[in-house]
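S.K.:
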Amino acid sequence: MIAPSRQAYVPFVSVENMLRLVLRLGVETVIRDLVAEIEADFRRWPLFDKTPRVASHSDIGVIELMPTSDGESYGFKYVNGHPSNTKQGLQTVTAFGLLADVATGYPVLLSEMTILTALRTAATSAMAAKWLAPAGATTMALIGNGAQAEFQALGFKAVCGVTEIRLYDIDPAATAKCARNLANQGLQVVSCKTPEEAILGAQIITTCTADKQYATILTDNMVGAGVHINAVGGDCPGKTELHKDILLRSSVFVEYPEQTRIEGEIQQMPADFAVTELWEVIAGQTKGRSDPREITLFDSVGFAIEDFSALRYIRSKLAETGLFTQLDMIADPDDPRDLFGMLLRAA
Ligand code: NAD
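Numbering of the sequence shown is given in the numbering used here, commencing with residue 541 and proceeding in unit increments.
(1) Check whether the stretch 628 to 648 and the stretch 874 to 882 are in contact - that is, three or more C-beta pairs closer than 8 Å.
(2) Measuring straight from C-alpha to C-alpha, what distance separates Pro777 and Glu803?
(3) Considering just the uninterrupted stretch of the alpha helix (DSSP H) at Thr747, what are its terminal residues?
(4) For Gln799, count the other beta carbons within 10 Å of its own beta carbon; 16 or more makes it buried, fewer makes it exposed. Which is it?
(5) Looking at the C-beta of Asp872, does it have a partner C-beta in chain C at a distance below 8 Å?
(6) Hey, which unbroken runs of the alpha helix (DSSP H) at 4 residues or more fall wholly within the stretch 622 to 707?
(7) Along the chain, where does the beta strand (DSSP E) that runs through Met762 open and close?
(8) Among Met606, His768, Val792, Asn761, whose alpha-carbon lies nearest the alpha-carbon of Met653?
(9) What does the alpha-carbon distance come out to for the pair Arg829 and Leu563?
(10) What is the DSSP secondary structure of Asp868, reduced to helix, strand or coil?
(11) Please return the same chain residues whose Cβ sits closer than 7 Å to the Cβ of Cys732, not counting the five positions on each side in sequence.
(12) Let's see if you can read the secondary structure: which residues bound the alpha helix (DSSP H) around Pro735?
(13) Could you name the residues that DSSP lists as bridge partners for His597?
(14) Based on the DSSP secondary-structure assignment, which residues constitute the bridge partners of Glu817?
(15) Looking only at DSSP bridge pairs, what is Thr836 linked to?
(16) Can you look up Cys776 in the DSSP assignment and give me helix, strand or coil?
(17) Buried or exposed: which applies to Ala887, given that a residue is buried once 16 or more other Cβ atoms fall within 10 Å of its Cβ?
(18) Measure from the alpha carbon of Asp599 to the alpha carbon of each residue in Lys827, Lys779, Ala635, then state which is nearest.
(19) With respect to 7 Å, is the separation between the Cβ of Asp878 and the closest non-hydrogen atom of the ligand NAD below this value?
(20) Which whole-angstrom value describes the C-beta separation of Val794 and Asp839, a residue pair presumed to lie in contact below a C-beta threshold of 8 Å?
(21) Using the C-alpha atoms, what's the distance from Ala668 back to Gly773?
(22) Suppose the cutoff is 7 Å on Cβ atoms and the five residues either side in sequence are ignored; what does the same chain contact list for Tyr549 look like?
(23) Does the distance between the C-beta of Ala714 and the nearest non-hydrogen atom of the ligand NAD fall short of 7 Å?
(24) I'd like to confirm the pairing. Which residues does DSSP put opposite Lys617 in its beta bridges?
(25) In this structure, does DSSP put Phe880 in helix, strand or coil?
(26) Distance, Cα to Cα, Ala750 vs Ala689?
(27) Phe843: which of Glu704, Phe813, Leu740, Thr661 sits nearest, CA to CA?
(28) At which residues does the beta strand (DSSP E) containing Phe848 begin and terminate?
(29) So for Ile710, helix, strand or coil by DSSP?
(30) What number of angstroms, rounded off, separates the C-alpha of Ala677 from the C-alpha of Pro735?
(31) Please report the distance separating the alpha-carbon of Met486 from that of Lys752.
(32) Are the beta-carbon atoms belonging to Ala635 and Thr657 less than 8 Å from one another?
(33) Should Ile769 be counted as a contact of the ligand NAD given a C-beta to heavy atom distance under 7 Å?
(34) So Asp589 and Ser609 are in contact, right, with Cβ under 8 Å, and what is the actual spacing, rounded?
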């Protein structure tokens, strides 16, 4: 290998090292830690650079870039969403991300983010429920039992004290996989044959399905007073999970309205449909749930700040765990203007 003239290596967290890191720390600990990181960043929400994600759509999926900065660090995630991928043995969602130093523009971390996205999505869902779900909620219906599902279940256990998970998926094999993975995780797991059976006795309903269409996973009559809905799967134009009448009866909480109005459940509603920004609840600027009979709905689409928080968390663990490799990805000649000389010296 040709050595660069100066060492400007970038720490890289591979899939293998991410798996080791999460196993070493424990899934529930990582999700709890991520909730703390995301909450801390949501409290300083106004100082972030924010933009709806940059999406490139095709008939069968989407590829997105999700950038943000707090003025000291800059981060972005590359993520796809292809619901038909699983038929070819590929995942619906894969991702990787990068953190950089704003002062120099040099990258300081490159990381896998497929696993990290599942963890941060579970953390964000559980964080929202911590502020919005009815007090003492112990039972959650989990509709859509694919890649995100177990992370969601463990997030609600670790952060909200959920003890019973009621599973439903149109594909019974997905439910069986989820039930198998959640066995021995300290949860009571009930596999259901219909969505109606899954929501029985649930104070929290999570929808986490993938279908590139306006689907109706929950109809209006399925949602009783006082329930908290965590709608994770509707996260793209033309892709929703809830009947719009549910939105009319709910207090709707969102991450970044400019993005959620394009991608979330509220794309079905007029542009001035009232929503509350979740960060305002967490920062104490407005109330979350104010009535035990209120239906609260977290219209989750996933926002760049959550990925930024997750990347910074992973970076903070590198020295302690050593679970990274150094990536030779920045050409950095001794004389910064002699890039061509670097090429000549390498011959
Ligand atoms: P996945 O393809 O692994 O799993 C989706 C599951 O939904 C499958 O098992 C499928 O059989 C099931 N399903 C589809 N239609 C259904 C229906 N009508 N009723 C019940 N089940 C149904 O996908 P995944 O990685 O688990 O992601 C799930 C969804 O969450 C995707 O739409 C993805 O884009 C979205 N997502 C959102 C965020 C966020 O931050 N909001 C983050 C990650 C993923």
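Glycine is no exception: its CB is placed at the ideal position from the N, C-alpha and C atoms.
M.R.: Working from what's here:
(1) With a cut-off of 8 Å, the stretch 874 to 882 and the stretch 628 to 648 do not count as touching, because too few Cβ pairs lie within range.
(2) The straight-line gap from Cα to Cα measures roughly 5 Å.
(3) Premise fails: Thr747 lies in the beta strand (DSSP E), 744 to 747, not in any alpha helix (DSSP H).
(4) Buried, since its Cβ has 16 or more Cβ neighbours within 10 Å.
(5) As a matter of chain content, chain C is missing from the structure shown, which is built from one protein chain.
(6) Qualifying alpha helix (DSSP H) stretches, in chain order: 654 to 672, 689 to 700.
(7) No beta strand (DSSP E) contains Met762, which DSSP labels as neither H nor E.
(8) With distances taken between Cα atoms, Met653 lies closest to Met606.
(9) A straight-line Cα-Cα distance of about 35 Å links Arg829 and Leu563.
(10) When DSSP states are grouped into helix, strand and coil, Asp868 belongs to the coil group.
(11) Around Cys732: Arg706, Leu707, Tyr708, Ala738.
(12) Where Pro735 is concerned, the enclosing alpha helix (DSSP H) stretches over 735 to 738.
(13) Among the bridge pairs identified by DSSP, His597 is matched with Val602.
(14) The partner list for Glu817 (beta bridge, DSSP) reads Val794.
(15) Under DSSP, the beta-bridge partners assigned to Thr836 are His768, Ser791.
(16) Strand at Cys776.
(17) Per the 10 Å Cβ criterion, exposed.
(18) In this structure, Lys779 is the residue among Lys827, Lys779, Ala635 with its C-alpha nearest to the C-alpha of Asp599.
(19) For the ligand NAD, not one heavy atom lies less than 7 Å from the Cβ of Asp878.
(20) Val794 to Asp839, Cβ: 5 Å. Contact.
(21) C-alpha separation (whole angstroms): 15 Å.
(22) So the list reads Gln866, Leu867, Asp868, once near-sequence residues are dropped.
(23) Checking every heavy atom of the ligand NAD against the Cβ of Ala714, one is found closer than 7 Å.
(24) According to DSSP, which records beta bridges pairwise, Lys617 is partnered with Met606, Gly637.
(25) Phe880 sits in a helix when the DSSP states are folded into three classes.
(26) The straight-line gap from Cα to Cα measures roughly 12 Å.
(27) With distances taken between Cα atoms, Phe843 lies closest to Thr661.
(28) Here Phe848 belongs to no beta strand (DSSP E); instead the alpha helix (DSSP H) covers 844 to 856.
(29) It is coil, neither helix nor strand.
(30) Each residue's CA atom was taken as its position, placing Ala677 and Pro735 some 19 Å apart.
(31) Only positions 541 to 887 of the chain appear in this structure, which leaves residue 486 out of reach.
(32) Yes, these two residues count as a Cβ contact at 8 Å.
(33) No, the ligand NAD has no heavy atom inside 7 Å of this Cβ.
(34) So it is a contact: roughly 4 Å between Cβ atoms.
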